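So the sequence lines, in the order shown, correspond to chains S and G.
Start counting the first sequence at 73; every next residue gets the next number (the numbering used here).
Start counting the second sequence at 73; every next residue gets the next number (the numbering used here).
Heads up, the beta-carbon is just placed ideally off N, CA and C, and yes, glycines get one too.
Please read all numbers here as calculations on a predicted model, not as lab measurements.
There are 2 protein chains.
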Amino acid sequence: MTLQDAIAAVRPLDQDGLALAKRRLDRLTKPLGSLGRLEELAARYVAITGEERPPIPRAAIVTFAADHGVTDEGVSAYPRAVTAQMVLNFLKGGAGVNVLAAHVGAEVRVVPGTRNWAREPAMTREEAVRALEIGVTLAREAVHDGIGLLGTGDMGIGNTTASAAITAVLTGQPVAVVTGRGTGVDDAGLARKVAVIEQALRTHRPDPTDPIDVLVKVGGFEIAGIAGLILGAAACRRPVMLDGFITGAAALIAAGLQSLCREYLIASHLSVERGHQAVLKKLELRPLLDLDLRLGEGTGACLGIGLVHAAIKVLTQMATFDEAGVSERTL
Amino acid sequence: MTLQDAIAAVRPLDQDGLALAKRRLDRLTKPLGSLGRLEELAARYVAITGEERPPIPRAAIVTFAADHGVTDEGVSAYPRAVTAQMVLNFLKGGAGVNVLAAHVGAEVRVVPGTRNWAREPAMTREEAVRALEIGVTLAREAVHDGIGLLGTGDMGIGNTTASAAITAVLTGQPVAVVTGRGTGVDDAGLARKVAVIEQALRTHRPDPTDPIDVLVKVGGFEIAGIAGLILGAAACRRPVMLDGFITGAAALIAAGLQSLCREYLIASHLSVERGHQAVLKKLELRPLLDLDLRLGEGTGACLGIGLVHAAIKVLTQMATFDEAGVSERTL
């Protein structure tokens, strides 16, 4: 499926499914609406997939990894080699995302990229489209394998720098407002990071109305892959659980290419990385969790997947007032 | 174990265990502190139990149910009979707490009470102490059965009224500030509820320095049982996952009897029921979740238990930098 085909295949949510789900939720043995956002999640899952009484979906976290040559500018607390070392850690099962994915019964699929960006553009336009299409293909393959819920993850030393640049361009916020400490740079490192991004935006002038141009100028291969995964999942009517700041920046790219994507997104958590607030505001998403996370990899997405599973169990496994013989409200 | 024995048995947390847990968390393959509140949860679990590398604890939700005669005053949207009907629903496995407890692998233990309160005090002092001691005993039995993590739950049409009365007395906040819509009363019902509580406080004058007197005057049997469960769990060095407003009001009683209890408490979520904010502020607890829940039963506690399990898995299952051969920070 080409990128254009995926963009064209995304449809609005199923409003009949949404209404049906809400009707059932209101018949369950609990005060109306008293399971709050779990009820919203369940209804949204039905509206996205069109499955009226969905089985508990198999979930997969797709974690995209890529190098960022911008690390040469001293924007990260860790050396660039850590990206590849962490990919090995993912494959051996020792990383945070492995532990938390297993906790919610999700599998982890790791997709490494290989190219760098520094003082020249991050990639060519053809490379950006190819990376997006790899993401689309991975989403379609996962759905073909029976995955009903896709989580996004990232690994890339330097990628909060790229994400801050993307966020500044696509939200219109000042660089200093959307740039945080990433893996933990000190004040001098943070000032350097802001200066590097401001300089790159002045030099490359990414076009905010052309998300592919933004990827080309200041993106990263993992960010392009995640954006493609989102488009592919939406085209296949499967929800996407976002992780934190990097996958949020990728969602800005995806929503820029097809605004209907937003309806397929669930924000798992609000990251400590400060640019994430601007991302979620632009996407009009309210995060499920606020646990001071800033690891990435898909760790927050795992916790969000656990909540979707809980929500679907509420919808499909709780007794109704009739079934349980419980009196209804009198007041 | 008598109530006085339980109160005397509660000790401060193990600070050496806390330091050991933090040291290990800092060796795991992730930026320092980047799993935020999951790291805090894991360290606190170690400090509470003294287990340096704890197994994933078996968890139980203990849901206390009781009637409240104050429902005669028209303070609830549902008839009083629903309490007993819902106990049957719990036993048949069709309620929200059953579904969400199963989701996190926890068992549900249901403890029904039988007495009412209306225009006379809720119970005698002897009854209050007996209900507290039932809670202590249930906690000790659960720990003896191998339960490592206790969740609290409640069921009782009318019990947001009792909880609002307790919260007003023990936090000093005005009744109107801590009284919410419970199962969903309308504006007239809410005004009636506030008036009923204000009248009861004027008539009975519960002594805020004597938590047992507060239970006697405006409490409920399930609230006394939950308070006892908290004291018993703390005496046995086991953490207690609070649910929402009712179990929070019970925690105010427990903390009034033994302030060290607070260190053993984890607040699973912030309820929509408005008095809950005042409860958590008084207990100095920050809720893990904010999902617009207001069902009670222990449903929020279930979701919190899932996060504690995730946190302990992070502590005990993630690879360290040395084990994974990942480079450490350079900046």
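Shorter than 8 Å from the beta carbon of residue 395 of chain G to some beta carbon of chain S? yes
Sufficient close CB pairs (3 or more, under 8 Å) joining the segment 309 to 323 of chain S to the segment 217 to 230 of chain S: yes
DSSP on residue 320 of chain G, reduced to helix/strand/coil? helix
Min CB distance residue 158 of chain G to chain S below 8 Å: Answer yes: the Cβ-Cβ gap between residue 158 of chain G and chain S drops below 8 Å somewhere.
Burial state of residue 204 of chain G, where buried means 16 or more other Cβ atoms lie within 10 Å: The residue in question, residue 204 of chain G, is buried, as its Cβ has 16 or more Cβ neighbours within 10 Å.
Counting Cβ pairs closer than 8 Å, one from the segment 128 to 136 of chain S and one from the segment 288 to 308 of chain S, do we hit at least three? yes
Within 9 Å of chain S by C-beta, residues of the segment 171 to 183 of chain G in sequence order: 171, 172, 174, 175, 176
Beta-bridge pairing of residue 95 of chain S - partner residues as DSSP gives them: When DSSP reads this structure, residue 95 of chain S sits in no beta bridge, so it has no partner.
Length at least 4, wholly inside the segment 329 to 374 of chain G: the alpha helix (DSSP H) runs in chain order: 347 to 355
Tell me, please, whether the segment 239 to 259 of chain G touches the segment 159 to 179 of chain G by the rule of three or more beta-carbon pairs shorter than 8 Å. no
Could you work out which residues of chain S lie near residue 256 of chain G, taking near to mean beta carbons separated by less than 9 Å? 103, 104, 105, 106, 401, 403
At a cut of 8 Å, does the segment 377 to 391 of chain G reach the segment 95 to 108 of chain G through at least three beta carbon pairs? yes
Taking a Cβ distance cut-off of 8 Å, strictly less, list which residues of the segment 124 to 153 of chain S are near chain G, in chain order. 146, 148, 149, 150, 151, 153
Residue 391 of chain G CB to nearest chain S CB: under 8 Å? yes
Can you find a CB in chain G that lies within less than 8 Å of the CB of residue 99 of chain S? No, residue 99 of chain S does not count as interfacial toward chain G.
If you compare alpha carbons, which of G/279, G/208, G/253, G/363 is closest to residue 232 of chain G? G/253
Residue 357 of chain S and residue 379 of chain S closer than 8 Å at C-beta: Contact: no.
Looking only at C-alpha atoms, which of S/319, S/283, S/120 sits nearest to residue 201 of chain S? Measuring from the Cα of residue 201 of chain S, the nearest candidate turns out to be S/283.
Coil, strand or helix - residue 297 of chain G by DSSP: helix
Once DSSP output is grouped into helix, strand and coil, what is the label at residue 277 of chain G? coil
Residue 362 of chain S: contacting residues in chain C (beta-carbon distance under 8 Å): Of the protein chains in the structure, S and G, none is chain C.
Can you check the segment 90 to 147 of chain S for any alpha helix (DSSP H) of at least 4 residues that lies completely inside it and give the ranges in chain order? 108 to 121
Between which residues of its own chain and residue 179 of chain S is the CB-CB distance below 6 Å, once the five residues before and five after are set aside? So the qualifying residues of the chain are 132.
Between residue 161 of chain S and chain G, is the shortest Cβ-Cβ distance under 8 Å, so that the two count as touching? yes
Where does residue 224 of chain S fall in DSSP's three states? strand
Which of helix, strand or coil DSSP assigns to residue 82 of chain G: coil
Reference residue 123 of chain S, options S/111, S/309, S/333, closest by Cα: Ranking S/111, S/309, S/333 by Cα distance to residue 123 of chain S puts S/309 first.
By Cβ distance below 6 Å, which residues in the same chain neighbour residue 119 of chain S in space, the five residues on each side in sequence not counted? Taken in chain order, the residues that qualify are 85, 86, 89, 90.
Can you find a C-beta in chain S that's less than 8 Å from the C-beta of residue 312 of chain G? Not an interface residue.
Using a Cβ-Cβ distance cut-off of 8 Å, determine whether residue 116 of chain G contacts chain S. no
Just curious, the beta strand (DSSP E) that residue 181 of chain G is in, first and last residue? 179 to 184
Chain S contact residues for residue 378 of chain G, given Cβ-Cβ distances below 7 Å: 378
Looking at residue 304 of chain G: is its Cβ nearer than 8 Å to the Cβ of residue 340 of chain G? no
Tell me which residues share the same chain as residue 307 of chain G and place their Cβ nearer than 6 Å to its Cβ, disregarding the 5 neighbours each side in the sequence. 78, 81, 82
I need the DSSP call for residue 195 of chain G, collapsed to helix, strand or coil. coil
Let's test the definition: count the other Cβ atoms within 10 Å of the Cβ of residue 285 of chain G and tell me whether it reaches 16, buried, or not, exposed. buried
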